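When the letters of the sequence shown are read in order and numbered with this note's numbering, they come out as residues 1 to 414. All C-beta atoms, glycine included, are put in the ideal place defined by N, C-alpha and C. None of the values given here were measured: they were computed from a predicted structure.
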Amino acid sequence: MHKKLRLRFLLLSWVLLLLFLIALCAGISIYLYQSSVDETEKVLQTCAESMHLDDKTRGMAGVWLDEHGKVTKTEQQHLNLTDETIEKLVQNTEHDGEMRIGEIKLEDMHYRYITVLRQKKAWVVFAECSEEDALVKTLRRNSVLFSLLGMVLLLPVCYLLTKWVSRPMETAWEKQNDFVSDATHELKTPLTVIAANTEAVMANPESTIESQERWLGSIQGETNRMASLVGNLLFLAKIDAGEIKLNREEFDISDMLEEMCMNLESDVFESGKVFEYEMTPDIHYNGDRMRIKQMAKELLDNAQQYTPEGGNIRVILNRDRKQNIRLLISNSGTALSEEDCVKIFDRFYRVDPSRARNTGGCGLGLCVAKGIAELHGGSITASSANGINVFTTILTNAEKEDVKIHKKRTKKAT
Numbered sequence: 001m002h003k004k005l006r007l008r009f010l011l012l013s014w015v016l017l018l019l020f021l022i023a024l025c026a027g028i029s030i031y032l033y034q035s036s037v038d039e040t041e042k043v044l045q046t047c048a049e050s051m052h053l054d055d056k057t058r059g060m061a062g063v064w065l066d067e068h069g070k071v072t073k074t075e076q077q078h079l080n081l082t083d084e085t086i087e088k089l090v091q092n093t094e095h096d097g098e099m100r101i102g103e104i105k106l107e108d109m110h111y112r113y114i115t116v117l118r119q120k121k122a123w124v125v126f127a128e129c130s131e132e133d134a135l136v137k138t139l140r141r142n143s144v145l146f147s148l149l150g151m152v153l154l155l156p157v158c159y160l161l162t163k164w165v166s167r168p169m170e171t172a173w174e175k176q177n178d179f180v181s182d183a184t185h186e187l188k189t190p191l192t193v194i195a196a197n198t199e200a201v202m203a204n205p206e207s208t209i210e211s212q213e214r215w216l217g218s219i220q221g222e223t224n225r226m227a228s229l230v231g232n233l234l235f236l237a238k239i240d241a242g243e244i245k246l247n248r249e250e251f252d253i254s255d256m257l258e259e260m261c262m263n264l265e266s267d268v269f270e271s272g273k274v275f276e277y278e279m280t281p282d283i284h285y286n287g288d289r290m291r292i293k294q295m296a297k298e299l300l301d302n303a304q305q306y307t308p309e310g311g312n313i314r315v316i317l318n319r320d321r322k323q324n325i326r327l328l329i330s331n332s333g334t335a336l337s338e339e340d341c342v343k344i345f346d347r348f349y350r351v352d353p354s355r356a357r358n359t360g361g362c363g364l365g366l367c368v369a370k371g372i373a374e375l376h377g378g379s380i381t382a383s384s385a386n387g388i389n390v391f392t393t394i395l396t397n398a399e400k401e402d403v404k405i406h407k408k409r410t411k412k413a414t
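In structure tokens:
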């Protein structure tokens, strides 16, 4: 499909550029030819007004006619016309008005003329137009050559242009295919588990709910996981479509994050991990409180899921030098490569796909978090050094007035 679209675009762009080149050559040719005609007519008018030949380079002939149209006097300049030729030229001219401009083709020769009446006598000036004819032939030949040359040169240019233009489309198409494939896989797994557990329950219709608790609990867990996956997919689709509306309000982000960390302490402690958090108090932010809380939860869940037993999780909230709100969430664990630090925010991307079922994630949490940050005009980046992975969130449109330095409240769970 990509090849067909690329070929169509290549042919279309090639034809359009070729037509543009032909139109450009034709326009230049017409302009140059018309300029030459205008120059000749200007010289003829000058000679007609002065009643003598004054152009020193152009082949011209001046003829006086009496009231009966007979030649009474001739004057030539850079021309050698016979009397017979002059008679034929005069016979083909029109001199029934005060001034008339025209052209004559006689014996493979091309002339332009002007006639002026003075006291019942006519003054006719002829200009030989071989230069114009030569110019026309040259312009035609050059136009054909340039068009043929353009056909050859524009083809590789159009190919490169087509490749450059179609690259984002192909990338988007590949991402869409990957997205559909990954989403199908992620939905297929819980559906398979639910179907298997349902069959196990249906196989024992007389059993009590308590005896089927294992299967029913698994069904409930997979249902919740699938609901979370579908919810995240819908949220990301709305972000792509620009349909998310933020309910902005000013709130204390320090209190909100501290409360979240306090609620998380017990779970982290039970899993044998170290949890530390430092909050600069009284940091206020104007944003969607629910979405910011969802963003922080996704980042905290990611840190908790990928920190091994005995590892360390650290949360820091402060302001940077530009007084933007900065949230740093770091955890020890498998170091991220430079490629991972970039791709980790892609949908369904996992550093270690084999751990997907163990951690319970579906590869959308960080993508959702980044989407929320960007909706607020902020950003999230990942970095890794010495086995510590750091996710830095910057919220740039925070309130910056009355910023004070406060003593940090430090909590440590061991």
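Residue i: first and last residue of the uninterrupted alpha helix (DSSP H) it sits in
{"i": "residue 295", "result": "289-305"}
{"i": "residue 231", "result": "213-241"}
Three-state secondary structure assigned by DSSP to residue i
{"i": "residue 103", "result": "strand"}
{"i": "residue 252", "result": "strand"}
{"i": "residue 202", "result": "helix"}
{"i": "residue 53", "result": "coil"}
{"i": "residue 121", "result": "strand"}
{"i": "residue 160", "result": "helix"}
{"i": "residue 112", "result": "strand"}
{"i": "residue 80", "result": "coil"}
{"i": "residue 247", "result": "coil"}
{"i": "residue 128", "result": "strand"}
{"i": "residue 207", "result": "coil"}
{"i": "residue 283", "result": "coil"}
{"i": "residue 402", "result": "Only weak support is given to the placement of residue 402: the predicted model assigns it a pLDDT of 37, under 50, and the value that follows is read from those uncertain coordinates. Three-state result, residue 402: coil."}
Unbroken beta strand (DSSP E) run spanning residue i, endpoints
{"i": "residue 71", "result": "71-77"}
{"i": "residue 279", "result": "274-279"}
{"i": "residue 86", "result": "Segment 83-91 is the alpha helix (DSSP H) holding residue 86; no beta strand (DSSP E) there."}
{"i": "residue 62", "result": "60-65"}
{"i": "residue 389", "result": "388-395"}
{"i": "residue 384", "result": "379-385"}
Cβ pair residue i, residue j closer than 8 Å
{"i": "residue 72", "j": "residue 79", "result": "no"}
{"i": "residue 170", "j": "residue 348", "result": "no"}
{"i": "residue 301", "j": "residue 365", "result": "yes"}
{"i": "residue 129", "j": "residue 112", "result": "yes"}
{"i": "residue 303", "j": "residue 344", "result": "no"}
{"i": "residue 324", "j": "residue 253", "result": "no"}
{"i": "residue 93", "j": "residue 115", "result": "yes"}
{"i": "residue 431", "j": "residue 257", "result": "Past the edges of the chain, shown from 1 to 414, lies residue 431, and the structure says nothing about it."}
{"i": "residue 197", "j": "residue 218", "result": "yes"}
{"i": "residue 5", "j": "residue 166", "result": "yes"}
{"i": "residue 239", "j": "residue 294", "result": "no"}
{"i": "residue 154", "j": "residue 14", "result": "yes"}
{"i": "residue 44", "j": "residue 101", "result": "yes"}
{"i": "residue 147", "j": "residue 22", "result": "yes"}
{"i": "residue 77", "j": "residue 106", "result": "no"}
{"i": "residue 26", "j": "residue 99", "result": "no"}
{"i": "residue 36", "j": "residue 103", "result": "no"}
{"i": "residue 447", "j": "residue 162", "result": "The structure shown does not extend to residue 447, since the chain spans only 1 to 414, so no value can be given for it."}
{"i": "residue 40", "j": "residue 134", "result": "no"}
{"i": "residue 271", "j": "residue 309", "result": "yes"}
{"i": "residue 69", "j": "residue 123", "result": "no"}
{"i": "residue 235", "j": "residue 368", "result": "yes"}
{"i": "residue 246", "j": "residue 375", "result": "yes"}
{"i": "residue 382", "j": "residue 391", "result": "yes"}
{"i": "residue 193", "j": "residue 216", "result": "no"}
Residue i burial status per 10 Å Cβ neighbour count (16 or more: buried)
{"i": "residue 137", "result": "exposed"}
{"i": "residue 290", "result": "exposed"}
{"i": "residue 209", "result": "exposed"}
{"i": "residue 332", "result": "buried"}
{"i": "residue 370", "result": "buried"}
{"i": "residue 378", "result": "buried"}
{"i": "residue 335", "result": "exposed"}
{"i": "residue 177", "result": "exposed"}
{"i": "residue 60", "result": "buried"}
{"i": "residue 191", "result": "exposed"}
{"i": "residue 84", "result": "exposed"}
{"i": "residue 231", "result": "exposed"}
{"i": "residue 326", "result": "buried"}
{"i": "residue 184", "result": "exposed"}
Check: residue i C-beta below 7 Å from any heavy atom of the ligand COA
{"i": "residue 24", "result": "With respect to the ligand COA, the structure shown offers nothing to examine, as it has no ligands at all."}
Ignoring anything shorter than 3 residues, give me the beta strand (DSSP E) runs that lie fully in the region 316-371, in order along the chain. As far as the region 316-371 is concerned, its whole beta strand (DSSP E) runs of at least 3 residues are 325-332.
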